[in-house]
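J.: Position one of the sequence shown corresponds to residue 240 (this note's numbering), numbered consecutively onward.
Every residue gets a Cβ at the ideal spot worked out from N, C-alpha and C, and that includes glycine.
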Amino acid sequence: MLKIKVNSRIRDIEGSSTLAITARAKELAAQGRDVVNFAAGEPDFDTPASIKAAAIRAIESGFTKYTPSIGTPELRKAIAKKFKNDNRLEYTPEQIAVSCGAKHSIYNIIQVLADAGEEVLIPAPYWVSYPEMVKLAGATPKFIETTAHARFKITPAQLKAHISDKTKLLILNSPSNPTGMIYSKKELEAIAAICVENNIFVISDEIYEKLVYDTPHYTSIASFGKEIYNLTITVNGVSKAYSMTGWRIGYSAGAKEIMGYINKFQDHSTSNPSSISQMAALQALNEPEEVTAAMCAEFKKRRDLMTAAFDRIPGVKYVKPDGAFYLFCDFSKFGVSLDIARQILDDVNVAVIPGEGFGAPGYIRLSFATSDERIKEGTKRIADWIKKRL
Ligand code: PMP
Ligand code: GLU
Numbered sequence: 240m241l242k243i244k245v246n247s248r249i250r251d252i253e254g255s256s257t258l259a260i261t262a263r264a265k266e267l268a269a270q271g272r273d274v275v276n277f278a279a280g281e282p283d284f285d286t287p288a289s290i291k292a293a294a295i296r297a298i299e300s301g302f303t304k305y306t307p308s309i310g311t312p313e314l315r316k317a318i319a320k321k322f323k324n325d326n327r328l329e330y331t332p333e334q335i336a337v338s339c340g341a342k343h344s345i346y347n348i349i350q351v352l353a354d355a356g357e358e359v360l361i362p363a364p365y366w367v368s369y370p371e372m373v374k375l376a377g378a379t380p381k382f383i384e385t386t387a388h389a390r391f392k393i394t395p396a397q398l399k400a401h402i403s404d405k406t407k408l409l410i411l412n413s414p415s416n417p418t419g420m421i422y423s424k425k426e427l428e429a430i431a432a433i434c435v436e437n438n439i440f441v442i443s444d445e446i447y448e449k450l451v452y453d454t455p456h457y458t459s460i461a462s463f464g465k466e467i468y469n470l471t472i473t474v475n476g477v478s479k480a481y482s483m484t485g486w487r488i489g490y491s492a493g494a495k496e497i498m499g500y501i502n503k504f505q506d507h508s509t510s511n512p513s514s515i516s517q518m519a520a521l522q523a524l525n526e527p528e529e530v531t532a533a534m535c536a537e538f539k540k541r542r543d544l545m546t547a548a549f550d551r552i553p554g555v556k557y558v559k560p561d562g563a564f565y566l567f568c569d570f571s572k573f574g575v576s577l578d579i580a581r582q583i584l585d586d587v588n589v590a591v592i593p594g595e596g597f598g599a600p601g602y603i604r605l606s607f608a609t610s611d612e613r614i615k616e617g618t619k620r621i622a623d624w625i626k627k628r629l
């Protein structure tokens, strides 16, 4: 084995459990095992045909060269229009950067804003990549633990209690991966006021904005006035709303001064996201609302199917998700989630994600981005697995 001294920030980074288990489930399925995949963090629908056609047109017309690093002016103009119409947010195209997925957008912002010695507040449970991205920037993640009782949301008092003179940034994700919770307008207003008072930047990860099931919702914290607008970088993308995870287009918007640094950072790292994918994303943003609404309606039915199945399984608790496509279940009665997930995969061929990677040991994340038939089959297998242990 080669002994190599690597960069100290990279050395201690954890791999992504979501990506690793999804890959393992696909590998087992390719070997012929009948695996039910509840691990997937992506919609199972095909990308709509009109979006694919736009990409094919881009290839055939020779739109296959570099674009500006932060995306074509046309795409950034379409994103500005989306923010205005959907989120009541006024951004000029100069305030918008297109990146290789929302993951890349978030990575860039953290690299630009968070410095060594500074703290980044992350409500837990959190999406796997946030803490590792903060560590990669040399800054320190500081977790705000939430409970199922509080619907996995931070309270203003909790936020205040975690602020120190080192606090630089808060990462908010609503609707949330992995819990599916959504902050109300009132809750967001209270968080915004605290961030303004303490001069804390906010990353608002709104990637699941279009996948909401019950109450009318309000996602954009940046819309509560000039001060919070200047402190917030709003992130979104086409991956989840248009079933385009493989195309790698995400975007961010914020104060001109911050976005200027993101532009420079992207100039020297990835340059532009694929020109072809940008054309596909432009088409996606011009699609009628019904395209995402139809997928959302389907996810809602599947959520109801999966929660109804778990209502019949003793020993497992969950808080009904309001958005995204995950059910986050308390399996703590059955041991450590890493072991549980491994056993469920080995014993009954169902792939699920253990809570450890989300900062929630004892929990298991199940994605309902799969067919009704697979949801019925997978939940039946889990029920059988549990029956043997009660
Ligand atoms: N944020 C959250 C909360 C996510 O679950 C994901 C997962 N895909 C992303 C960001 C990144 O999305 P993208 O595919 O656009 O990089
Ligand atoms: N975000 C999805 C998930 O949480 C996709 C995998 C990833 O990028 O981490 O499963």
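#1: Note down the Cα distance separating A262 from C339, rounded to an integer number of angstroms.
#2: What number of angstroms, rounded off, separates the C-alpha of R620 from the C-alpha of I614?
#3: Write down the C-beta distance between A590 and A297 rounded to the nearest angstrom, noting that I regard them as a contact closer than 8 Å.
#4: Rounded to whole angstroms, what is the Cα-Cα separation between I460 and I579?
#5: Residue ranges of each alpha helix (DSSP H) run of no fewer than 4 residues wholly in the region 314–353, ordered along the chain?
#6: Where in the region 567–607 do unbroken runs of the beta strand (DSSP E), each at least 3 residues long, occur, reported from the N-terminal end onward?
#7: Taking C-beta to C-beta, are G562 and I402 nearer than 8 Å?
#8: Given this structure, state the Cα-to-Cα distance separating G598 from E448, to the nearest angstrom.
#9: Going by DSSP, what residue range makes up the beta strand (DSSP E) through E384?
#10: Ordered along the chain, which non-local residues of its own chain (more than five positions away) have a Cβ less than 8 Å from that of R551?
#11: Going by the beta-carbon positions, is the gap between P332 and V359 smaller than 8 Å?
#12: Between A353 and I383, is the Cβ-Cβ spacing less than 8 Å?
#13: Can you grab the Cα-Cα spacing for the pair L408 / V587, in whole Å?
#14: Looking at S289 and the ligand MG, is the gap between the Cβ and the nearest heavy atom below 7 Å?
#15: Would the beta-carbon of A336 fall within 8 Å of that of S491?
#16: Where I430 and L398 are concerned, what is the direct C-alpha to C-alpha distance, given to the nearest angstrom?
#17: Taking the continuous beta strand (DSSP E) assigned at E426, which residues delimit it?
#18: Please find out if some non-hydrogen atom of the ligand GLU comes closer than 7 Å to the beta-carbon of G594.
#19: What do you reckon, are the CB atoms on S368 and Q522 nearer than 8 Å?
#20: Identify every residue that forms a DSSP beta bridge with K291.
#21: In three-state DSSP terms, what is F504?
#22: Within 10 Å of its beta-carbon, does M483 have 16 or more other beta-carbons around it, so buried, or fewer, so exposed?
#23: Considering only C-alpha positions, which residue in the set S256, A532 and T406 is nearest to W366?
#24: For the alpha helix (DSSP H) containing R622, name the first residue and the last one.
#25: Whose C-beta lies closer than 8 Å to the C-beta of I249 among residues of the same chain, with five residues either side of it excluded?
#26: Cα-Cα, which of P282, P417, A269 and G493 is closest to K479?
#27: Any heavy atom of the ligand GLU inside 7 Å of the beta-carbon of L450?
#28: Does the separation of the CB atoms of E466 and T458 fall below 8 Å?
#29: Indicate whether K556 and T546 have their beta-carbon atoms separated by less than 8 Å.
#30: Taking the CB atoms as reference points, tell me whether L411 and I442 lie closer together than 8 Å.
#31: What residues in its chain sit with their C-beta under 6 Å from that of F567, if we drop five residues either side in the sequence?
#32: Counting along the chain, where does the alpha helix (DSSP H) carrying T546 start and finish?
#33: Taking the DSSP output, what are the residues bridged to Y447?
#34: Could you check where the beta strand (DSSP E) with I472 kicks off and where it finishes?
#35: Please check the pair T303 and S514, which I expect to be a contact at CB under 8 Å, by giving their CB distance rounded to whole angstroms.
#36: Report the residue from P287, A259 and T286 whose alpha carbon sits nearest the alpha carbon of A278.
T.: Taking the definition as stated:
#1: Translated into positions along the sequence shown, residue 262 becomes position 23. Translated into positions along the sequence shown, residue 339 becomes position 100. For A262 and C339, the distance between alpha carbons rounds to 20 Å.
#2: Along the sequence shown, read from residue 1 onward, the residue named residue 620 stands at position 381. Along the sequence shown, read from residue 1 onward, the residue named residue 614 stands at position 375. Rounded to whole angstroms, R620 to I614 spans 10 Å at the Cα level.
#3: Here residue 590 is taken as the residue at index 351 of the sequence shown, counted from 1. Here residue 297 is taken as the residue at index 58 of the sequence shown, counted from 1. So it is not a contact: roughly 35 Å between Cβ atoms.
#4: Counted from its first residue, the sequence shown places residue 460 at position 221. Counted from its first residue, the sequence shown places residue 579 at position 340. In a straight line, the C-alpha of I460 is about 37 Å away from that of I579.
#5: 341–352
#6: 602–606
#7: Taking the sequence shown and counting its residues from 1, the one referred to as residue 562 is at position 323. Taking the sequence shown and counting its residues from 1, the one referred to as residue 402 is at position 163. No, they are not a contact pair.
#8: Reading the sequence shown from its first residue, position 359 is the one you call residue 598. Reading the sequence shown from its first residue, position 209 is the one you call residue 448. Spanning the two alpha carbons is a distance of roughly 23 Å.
#9: Working through the sequence shown from its first residue, we reach residue 384 at position 145. T379 to E384 is the extent of the beta strand (DSSP E) around E384.
#10: Working through the sequence shown from its first residue, we reach residue 551 at position 312. Cβ neighbours of R551 beyond the five flanking positions: A622.
#11: Taking the sequence shown and counting its residues from 1, one reaches residue 332 at position 93. Taking the sequence shown and counting its residues from 1, one reaches residue 359 at position 120. No.
#12: If you number the sequence shown from 1, residue 353 lands on position 114. If you number the sequence shown from 1, residue 383 lands on position 144. Contact: no.
#13: Locating residue 408 in the sequence shown gives position 169, counting from the first residue. Locating residue 587 in the sequence shown gives position 348, counting from the first residue. So the alpha carbons of these two residues sit roughly 42 Å apart.
#14: In the structure on display, the ligand MG does not appear, and the ligands it does have are the ligand PMP and the ligand GLU.
#15: Start at 1 with the first residue of the sequence shown, and residue 336 comes out as number 97. Start at 1 with the first residue of the sequence shown, and residue 491 comes out as number 252. In this structure, S491 lies closer than 8 Å to A336 by Cβ.
#16: Here the question's residue 430 lines up with position 191 in the sequence shown. Here the question's residue 398 lines up with position 159 in the sequence shown. Roughly 8 Å separates the two Cα atoms.
#17: Walking along the sequence shown from the start, residue 426 turns up at place 187. Note, E426: premise wrong, no beta strand (DSSP E); alpha helix (DSSP H) at K424 to E436.
#18: For the purposes of this step, residue 594 is taken as residue 355 along the sequence shown, with counting starting at 1. No, the ligand GLU has no heavy atom inside 7 Å of this Cβ.
#19: Taking the sequence shown and counting its residues from 1, the one referred to as residue 368 is at position 129. Taking the sequence shown and counting its residues from 1, the one referred to as residue 522 is at position 283. Contact flag unset, no.
#20: The residue given as residue 291 occupies position 52 in the sequence shown. Answer is none; K291 lacks a bridge partner.
#21: Numbered from its first residue, the sequence shown carries residue 504 at position 265. Reduced to three states, the DSSP call for F504 is helix.
#22: As a working note, residue 483 is residue 244 in the sequence shown. By the 10 Å Cβ count, M483 comes out buried.
#23: On the sequence shown, position 127 is the one that residue 366 refers to. Closest option to W366, Cα to Cα, is S256.
#24: Counting from one through the sequence shown, the residue named residue 622 turns up at place 383. It is Ala, not Arg, that sits at residue 622 in the sequence shown. It spans D611 to K626 - the alpha helix (DSSP H) in which A622 sits, taken as one unbroken run.
#25: Indexing the sequence shown from 1 puts residue 249 at position 10. The residues are L375.
#26: On the sequence shown, residue 479 is found 240 positions in, with the first residue counted as 1. Here the closest residue by C-alpha is P282.
#27: As a first step, residue 450 is located in the sequence shown; it is residue number 211 there, counting from the start. No, the Cβ of L450 stays beyond 7 Å of every heavy atom of the ligand GLU.
#28: Within the sequence shown, numbered from 1, the residue matching residue 466 stands at position 227. Within the sequence shown, numbered from 1, the residue matching residue 458 stands at position 219. The answer is no: Cβ separation not under 8 Å.
#29: Mapped onto the sequence shown, residue 556 falls at position 317. Mapped onto the sequence shown, residue 546 falls at position 307. The answer is no: Cβ separation not under 8 Å.
#30: Here residue 411 refers to the residue found at position 172 when the sequence shown is read from its first residue. Here residue 442 refers to the residue found at position 203 when the sequence shown is read from its first residue. Yes, the Cβ-Cβ distance between L411 and I442 is below 8 Å.
#31: Counted from its first residue, the sequence shown places residue 567 at position 328. Same-chain partners within the cutoff: P417, T418, Y602 and R604.
#32: One-based indexing of the sequence shown puts residue 546 at position 307. Start and end: E529 to D550.
#33: Translated into positions along the sequence shown, residue 447 becomes position 208. Paired residue(s): none; Y447 is not in a bridge.
#34: As a working note, residue 472 is residue 233 in the sequence shown. Per DSSP, I472 belongs to the beta strand (DSSP E) from T471 to G476.
#35: Here the question's residue 303 lines up with position 64 in the sequence shown. Here the question's residue 514 lines up with position 275 in the sequence shown. T303 to S514, Cβ: 6 Å. Contact.
#36: Position 39 of the sequence shown, counted from the start, is the residue given in the question as residue 278. The shortest Cα separation from A278 among P287, A259 and T286 belongs to A259.
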